[in-house]
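In this note's numbering, the protein residues as written are 1 to 296. Cβ coordinates follow ideal geometry from the N, Cα and C atoms, glycine included. This report concerns only the one structure given below.
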């Protein structure tokens with residue numbers, strides 16, 4: 001039965017909610033191109049009806065008065081999250097059937113509103129074809145130079161330790177003790193009690209040592225610049241240099257990010273798991289991290 005349904009998909013006029021995710025899921029079983037004719041998610045995004053990341057549950061309730069089964073009721077959540085194969089077949093059929101019904105009934109409603117708003121061309125000629133391209137890009141993934149990042153991690157560790165040693169020496173010279181730069185209260189004591197730098201805004205745990213506060217103190221003491229440098233190095237190291245190798249898919253040796261088409265207010269794409277669009281481009285370190293992405 002499943003094989004018959006899958007065999008009928010190529011050439012069919014298909015509708016779905018998130019067609020990129022549908023495409024990625026179906027590619028596991030069917031390699032031939034599918035003809036997506038409608039996406040309720042992209043239509044609602046263009047209309048503004050569902051704001052960013054429109055949920056089918058919200059569209060179904062608002063436009064059709066139809067309450068869908070929440071995914072966490074079917075699959076659980078958190079520690080109780082279950083694999084789809086472990087769900088009750090009858091519950092899964094009800095869940096999928098209601099969602100398919102909602103997509104089918106939403107299509108003419110949303111299509112009419114797009115025509116009235118004049119965004120149907122944008123939908124059919126740009127957004128819908130783009131969803132297929134993004135699915136292909138996600139499926140293909142990107143190659144990274146893992147040994148290169150390993151060497152960079154060692155180098156950054158050395159730089160971080162050098163800064164920590166400088167701050168430790170300063171703390172001892174001012175009568176304090178070695179501090180953890182990632183501990184805000186210890187850092188606040190060094191800056192505002194031991195070094196007597198001008199205090200900024202107060203927070204519940206004492207004085208703030210956030211980036212804005214430290215930037216305002218940059219010209220008050222040379223150690224401030226080094227602390228800010230430590231934060232930048234530490235963040236980029238943990239977010240990209242250390243994390244990217246762990247995200248390589250062992251099946252193909254590539255990183256597969258999620259490219260989000262309906263997640264921003266401006267209409268631009270965003271990236272998540274991991275966010276590859278947030279790597280700094282103007283700093284030397286950011287440019288070096290970008291060189292880890294290679295052809296292959």
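### Query
The alpha helix (DSSP H) with residue 104 in it runs from where to where?
Boundaries of the alpha helix (DSSP H) harbouring residue 104: 89-117, taken from the DSSP string.
### Task
Just list the beta strand (DSSP E) runs in the segment 137-170, keeping only unbroken ones of 3 residues or longer that don't cross its boundaries, in chain order.
none
### Task
Could you work out which residue in 107, 70, 194 and 156 is closest to residue 172 when comparing CA atoms only?
194
### Query
How big is the Cα-Cα spacing for residue 128 and residue 291?
32 Å
### Task
Please check the pair residue 188 and residue 209, which I expect to be a contact at CB under 8 Å, by giving their CB distance rounded to whole angstroms.
Confirmed, Cβ separation roughly 5 Å.
### Query
First and last residue of the beta strand (DSSP E) that includes residue 260?
258-260
### Query
If we ignore side chains and look at the alpha-carbon of each, how far apart do residue 151 and residue 286 end up?
As the crow flies, the alpha-carbon of residue 151 is around 15 Å from that of residue 286.
### Query
Tell me the DSSP bridge mates of residue 249?
254
### Query
Of all the options 212, 162 and 244, which has the alpha carbon lying nearest to the alpha carbon of residue 148?
The candidate whose alpha carbon is nearest that of residue 148 is 244.
### Message
Does residue 154 pass the burial test, meaning 16 or more other C-beta atoms within 10 Å, or should it be called exposed?
### Response
exposed
### Task
Measure how close the beta-carbons of residue 197 and residue 230 come, nearest whole angstrom, since I'm counting them as under 8 Å.
Actually they are not in contact, since the Cβ atoms of residue 197 and residue 230 sit about 17 Å apart, beyond 8 Å.
### Message
I need the straight-line Cα distance from residue 27 to residue 19, nearest angstrom please.
### Response
Rounded to whole angstroms, residue 27 to residue 19 spans 12 Å at the Cα level.
### Query
If you run the structure through DSSP and keep just helix, strand and coil, what is residue 78?
helix
### Message
On the criterion of 16 or more Cβ atoms from any shown chain inside 10 Å, does residue 50 qualify as buried, or is it exposed?
### Response
Because residue 50 carries a pLDDT of 46, less than 50, the predicted location of this residue cannot be relied on, and no value is offered for it.
### Task
Identify every residue that forms a DSSP beta bridge with residue 16.
Bridge partners of residue 16: 39.
### Message
Taking 7 Å as the limit between beta carbons, can you name the residues of its chain near residue 76, skipping five residues before and five after?
### Response
82
### Query
Can you give the beta carbon distance from residue 262 to residue 106, rounded, assuming they're within the 8 Å contact cut?
Wrong, their Cβ atoms sit about 15 Å apart, outside the cutoff.
#### Entry: Helix, strand or coil at residue 272 according to DSSP, with G and I counted as helix
strand
#### Entry: For residue 288, the three-state DSSP class (helix, strand or coil)
Helix.
### Query
When the Cα atoms are used, what is the spatial distance from residue 73 to residue 86?
13 Å
### Query
In whole angstroms, what separates the C-alpha of residue 159 from that of residue 183?
19 Å
### Task
To the nearest angstrom, report how far apart residue 249 and residue 143 are at their CA atoms.
10 Å
### Query
If you count every other CB in all the chains shown that lies within 10 Å of the CB of residue 312, and 16 or more means buried, which is it?
Examination of residue 312 is not possible in this model, given that the chain is present from 1 through 296 alone.
### Message
Taking 7 Å as the limit between beta carbons, can you name the residues of its chain near residue 8, skipping five residues before and five after?
### Response
There are no such residues.
### Message
Output needed for residue 294: all residues of its chain with C-beta closer than 7 Å, excluding positions within five of it in sequence on either side, in chain order.
### Response
143, 144 and 145
### Query
Looking at the unbroken alpha helix (DSSP H) that takes in residue 187, where does it start and where does it end?
184-188
### Task
Select from 234, 84, 270 and 259 the residue whose C-alpha is nearest the C-alpha of residue 162.
Ranking the options by Cα distance to residue 162, first place goes to 234.
### Task
Determine the burial state of residue 201: buried for a count of at least 16 other Cβ atoms within 10 Å of its Cβ, exposed for fewer.
exposed
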